[in-house]
Amino acid sequence: MTAPFPALPELAGQPYFQYRNNVLYAEDVPLDHLAGQLGTPLYVYSRAALKAAWETYRSAIGQRPVLVCYGMKANSTLAVLKEFARLGAGFDIVSGGELKRALAAGADSSKIVFSGVGKQAWEMRDALAAQVKCFNVESEAELHRLSEVALDLGVRAPVSLRVNPDVDAQTHPYISTGLKENKFGIAIESALDAYRVAQSLPGLDIVGVDCHIGSQLTDITPYFDALEKLLDLIEKLDQTGIRIKHLDLGGGLGIRYTDETPPSPKALLDRVFERLNARGQGHLQLVLEPGRSLVGNAGVLLTTVQYLKHAEARNFAIVDAAMNDLLRPALYEAFHGVRALRPRAGKPTEYDIVGPVCESADWLARQRLLTLEQGDVLAVESAGAYSMAMASNYNTRTRAAEAMVDGDKYYVVRQRETLDDLLRGESTLP
Ligand code: LLP
1 MTAPFPALPE LAGQPYFQYR NNVLYAEDVP LDHLAGQLGT PLYVYSRAAL
51 KAAWETYRSA IGQRPVLVCY GMKANSTLAV LKEFARLGAG FDIVSGGELK
101 RALAAGADSS KIVFSGVGKQ AWEMRDALAA QVKCFNVESE AELHRLSEVA
151 LDLGVRAPVS LRVNPDVDAQ THPYISTGLK ENKFGIAIES ALDAYRVAQS
201 LPGLDIVGVD CHIGSQLTDI TPYFDALEKL LDLIEKLDQT GIRIKHLDLG
251 GGLGIRYTDE TPPSPKALLD RVFERLNARG QGHLQLVLEP GRSLVGNAGV
301 LLTTVQYLKH AEARNFAIVD AAMNDLLRPA LYEAFHGVRA LRPRAGKPTE
351 YDIVGPVCES ADWLARQRLL TLEQGDVLAV ESAGAYSMAM ASNYNTRTRA
401 AEAMVDGDKY YVVRQRETLD DLLRGESTLP
């Protein structure tokens with residue numbers, strides 16, 4: 001194994017993405033071969049990396065009562081969902097569409113929690129019909145609607161209230177969700193009243209307390225700020241005669257994109273249970289909704305250099321992937337590592353890696369030292385989460401194909417969209 005530039009951090013997604021004889025591999029498949037066979041832009045996932053990420057949770061849990069509901073918004077590709085369903089995961093869904101996907105992948109609906117601020121009646125009906133484990137309700141108005149829908153179907157809806165604990169998750173403002181000014185959840189001060197409302201509604205059955213404070217958390221302190229507030233609430237609920245069966249702490253554990261050192265599931269769980277036991281709540285089932293930490297470093301995005309452009313102020317590598325394929329840099333100025341599949345010798349040049357879309361925000365990486373030639377294929381790292389899932393058709397660009405590697409085999413798990421796919425369903429006026 002030869003690393004291209006010692007100055008770069010270790011490849012994200014080790015050991016599933018590694019160089020062998022100066023060629024980047026996913027497991028035992030050389031990625032240049034895959035790019036040649038399937039074309040680019042191409043998302044490639046490692047099955048072993050998905051399983052390993054799951055294992056970090058499973059082994060951390062041991063015998064403790066924890067249900068992991070994969071936050072499938074991070075990557076809802078059927079083949080990815082199927083892997084987690086096979087491993088026994090539950091799912092955290094946020095739409096009727098995600099419910100349909102989860103069920104299509106063989107999810108056990110008794111392990112599905114339904115989150116989201118704007119659930120529509122049809123989505124509630126579908127989820128009730130599927131008998132999901134719980135609705136994470138985010139407002140009083142939603143409680144009323146859910147109760148009506150449930151009564152209509154002659155059932156009772158299991159509910160948790162998503163409480164907004166007003167803690168600072170210290171992450172990017174767009175992915176921070178537990179502050180007062182965020183649209184999410186019910187303010188902790190109003191939570192008791194909202195639970196009383198829930199208790200009074202005939203179509204509801206209170207089962208839990210829920211929160212989710214943000215994403216890409218690299219420090220566990222905010223979880224514990226939230227946890228103490230939730231435990232205070234659970235005690236108050238107890239005194240009111242409202243018994244909680246599970247506590248859902250949401251998702252949010254970060255991953256390493258560059259040099260972050262995110263806490264492990266074990267570090268989180270050990271301390272959560274220590275606090276639960278200390279406060280006499282060790283009987284509660286704990287639900288977690290991790291997305292990114294299960295898939296983020298299990299995927300890369302392959303893209304081919306179309307042109308090298310040396311402008312006065314900058315050098316640009318114009319590639320065939322764009323913000324429509326990977327929005328995170330444009331939206332959050334997110335960092336993703338970029339590597340050549342076959343690193344070249346020679347003095348590196350500082351490049352901005354940009355796409356063909358007509359927006360200055362269309363960049364994938366900035367100021368990266370690379371030795372490049374036209375036609376080289378690059379891997380954008382850490383592209384397993386919030387990457388393909390956020391892809392669009394902007395500039396009438398077809399969405400990328402996706403492949404999953406398993407040992408020395410690979411499978412196309414989503415065909416590249418065709419231009420005909422893009423025009424389908426449209427019509428013009430007579
Ligand atoms: N549960 C709820 C209620 C959520 O809103 C989220 C993510 C999760 C679980 C999963 O969180 P995770 O474990 O993945 O951090 N597009 C952004 C991330 C948005 C996260 C939205 N909610 C990004 O690319 O960084």
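Mapping the sequence shown onto the UniProt record's numbering, position 22 (from 1) lands on 22, and the numbers just tick up by one. C-beta: ideal position from N, C-alpha, C; glycine also.
Check whether residue i and residue j have beta carbons under 7 angstroms apart
i, j, result
"I242", "I206", "yes"
"Y386", "A74", "yes"
"V197", "E123", "no"
"A104", "F91", "no"
"M404", "A169", "no"
"A298", "S46", "yes"
"G407", "D28", "yes"
"L294", "Y70", "yes"
"P165", "C211", "yes"
"P41", "A321", "yes"
"S147", "G208", "no"
"L284", "P329", "no"
"F273", "R64", "yes"
"T398", "E417", "yes"
"L231", "R162", "no"
"Q367", "L308", "no"
"P262", "G250", "no"
"S109", "A130", "yes"
"L268", "I220", "yes"
"D126", "L153", "no"
"Y43", "L331", "no"
"Q14", "Y25", "no"
"A12", "R256", "yes"
"A401", "L38", "yes"
"L68", "L288", "According to the sequence provided, residue 68 is Val. The question's Leu does not apply to it. Yes; because the gap between Cβ atoms is below 7 angstroms, this pair is in contact."
Expected contact under 8 angstroms - CB spacing of residue i and residue j to nearest Å
i, j, result
"S264", "A60", "7 angstroms"
"L217", "T171", "6 angstroms"
"V137", "K183", "About 14 angstroms; that fails the 8 angstroms criterion."
"residue 466", "L286", "With the chain covering only 1 through 430, there is no way to say anything about residue 466."
"S115", "V149", "With 8 angstroms as the limit, S115 and V149 do not qualify as a contact, their Cβ atoms being about 17 angstroms apart."
"V305", "A313", "In fact, because the Cβ distance is near 20 angstroms, the residues do not count as touching under 8 angstroms."
"M157", "L128", "Before going further, note that residue 157 is Ala rather than Met in the sequence given. Contact flag correct, Cβ pair sits at about 6 angstroms."
"V412", "L378", "Their Cβ separation, rounded to whole angstroms, is 20 angstroms, which puts V412 and L378 out of contact at 8 angstroms."
"P222", "Y57", "With 8 angstroms as the limit, P222 and Y57 do not qualify as a contact, their Cβ atoms being about 19 angstroms apart."
"L326", "E350", "About 21 angstroms separates the two Cβ atoms, so there is no contact after all."
Given residue i as reference, the closest of the options once Cα atoms are compared
i, options, result
"Y394", "S115, P356, P329", "P356"
"I353", "L201, T303, V23, A79", "T303"
"E359", "N315, C69, D421, N324", "N324"
"A340", "V167, L308, A313, N22", "N22"
"L87", "A53, G96, Q120, E98", "A53"
"L204", "D362, E142, L81, Q374", "E142"
"R414", "T56, K51, V338, T77", "T77"
"L276", "A267, L301, L247", "L247"
"D345", "F84, T371, T177", "A small correction: the amino acid at residue 345 is Ala; Asp does not occupy that position in the sequence shown. Ranking the options by Cα distance to A345, first place goes to T371."
"T396", "D376, K409, D420, Y410", "D420"
"L192", "K180, L301, K236", "K236"
"S215", "G96, G252, K409, V167", "G252"
"V167", "P202, A389, I188", "I188"
"D259", "G96, F335, K180", "F335"
"P348", "A361, D362, G36, N315", "N315"
"H33", "Y410, E426, L422", "Y410"
"T240", "D362, A85, S200", "S200"
"E55", "G96, E83, P30, A35", "E83"
"G62", "K266, Y195, T177", "K266"
"K51", "D225, G296, P173", "G296"
"K119", "Q281, G185, Y16, A311", "G185"
"D225", "G96, K245, G36, R271", "R271"
"Y195", "D238, K180, E181", "D238"
DSSP beta-bridge partners of residue i
i, result
"G208", "S160, H246"
"R414", "E402"
"F224", "Answer by DSSP bridge pairing: none, since F224 is not bridged."
"I318", "Y307, V354"
"I186", "V163"
"L217", "L253"
"K409", "D406"
Length at least 4, wholly inside the stretch 2–39: the alpha helix (DSSP H) runs in chain order: 31–38
In chain order, which alpha helix (DSSP H) runs of at least 4 residues are fully inside the stretch 229–304? 265–278, 292–295
Run through the stretch 34–90 for me and flag every whole alpha helix (DSSP H) of 4 or more residues, listed as ranges in chain order. 47–61, 78–87
Fully enclosed by the stretch 324–400, which alpha helix (DSSP H) runs are 4 residues long or longer? Counting only runs of 4 or more, we get 328–332.
Those runs of the alpha helix (DSSP H) which lie wholly inside the stretch 77–152 and span at least 4 residues: Here the runs fully enclosed are 78–87, 96–104, 121–130.
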